[in-house]
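Quick note, the sequence shown lines up with residues 1 to 167 if you use the UniProt record's numbering.
Virtual Cβ for every residue (Gly too), placed ideally from N, Cα, C.
Take a look at the structure set out below.
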Amino acid sequence: MKLVDFGLTRGNDELDDEESLNYTPTVATLWYRAPELLLGDTKYTNAVDLWSIGCLHAELLRSKELFPGRSDLHQLCTIFEILGTPTEQTWPGYSQLPVCSSMEFTVHPPQDLRLLFPSASDTEFHLLTRFLLFDPKQRITASEALQHPFFTELPLADKYTPSLSIL
Numbered sequence: 001m002k003l004v005d006f007g008l009t010r011g012n013d014e015l016d017d018e019e020s021l022n023y024t025p026t027v028a029t030l031w032y033r034a035p036e037l038l039l040g041d042t043k044y045t046n047a048v049d050l051w052s053i054g055c056l057h058a059e060l061l062r063s064k065e066l067f068p069g070r071s072d073l074h075q076l077c078t079i080f081e082i083l084g085t086p087t088e089q090t091w092p093g094y095s096q097l098p099v100c101s102s103m104e105f106t107v108h109p110p111q112d113l114r115l116l117f118p119s120a121s122d123t124e125f126h127l128l129t130r131f132l133l134f135d136p137k138q139r140i141t142a143s144e145a146l147q148h149p150f151f152t153e154l155p156l157a158d159k160y161t162p163s164l165s166i167l
């Protein structure tokens, strides 16, 4: 895997006073863009990066994109069709985001996400669900993710190492 396009990255020292900073919500490749960005939030945190990692994790688990949107609006609808339309209960402050004040979304119940990842282990699936939480304050942090059993339990390497045969 190759990670590219660090044009809008910031160092951790730049995030120390993140409550007072306004950023552009037009960052990240559309399919990996966090819902708070799609809804116009300009005071986002590095939780947007964890959403993106969750989208990549999902793609690795199912060998295809989870949210292949064609526009910002279609991207939101694609996310809502799978994860359900957020509410104030699932994401406090959701209705106050800029796009929500000008648009009403169709209410979708969440799909059983497990059905989309039938071959994922319980550990893989649990990590995925922590990455893909609507509420950025509840989303797993990078430090928490690194302590997750997915990264600390062995032997995961055997599952992902292709079998080689000697000719």
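TODO: Tell whether a beta-carbon distance below 8 Å holds between residue 128 and residue 58.
DONE: As a working note, residue 128 is residue 128 in the sequence shown. As a working note, residue 58 is residue 58 in the sequence shown. It is a contact, given that the beta carbons lie within the stated cut-off.
- [ ] Measure the C-alpha to C-alpha separation of residue 148 and residue 126 and round it to an integer number of angstroms.
- [x] Taking the sequence shown and counting its residues from 1, the one referred to as residue 148 is at position 148. Taking the sequence shown and counting its residues from 1, the one referred to as residue 126 is at position 126. Computed Cα separation, rounded: 9 Å.
Task: Cut-off 6 Å between Cβ atoms - residues of its own chain near residue 30, not counting five sequence neighbours on either side - done: Position 30 of the sequence shown, counted from the first residue, corresponds to residue 30. So the list reads 69, 75, once near-sequence residues are dropped.
- [ ] Specify, as a first and last residue, the run of the alpha helix (DSSP H) that residue 144 falls within.
- [x] Walking along the sequence shown from the start, residue 144 turns up at place 144. Here the alpha helix (DSSP H) through residue 144 covers 142-147.
- [ ] Check whether the region 70-89 touches the region 42-62, counting contact only when three or more Cβ pairs, one atom from each stretch, lie closer than 8 Å.
- [x] Three or more Cβ pairs closer than 8 Å define a contact, and the region 70-89 falls short of that threshold against the region 42-62.
Task: Range of the contiguous alpha helix (DSSP H) that encloses residue 122 - done: Locating residue 122 in the sequence shown gives position 122, where the first residue counts as 1. 122-131 is the span of the alpha helix (DSSP H), which, as asked, contains residue 122.
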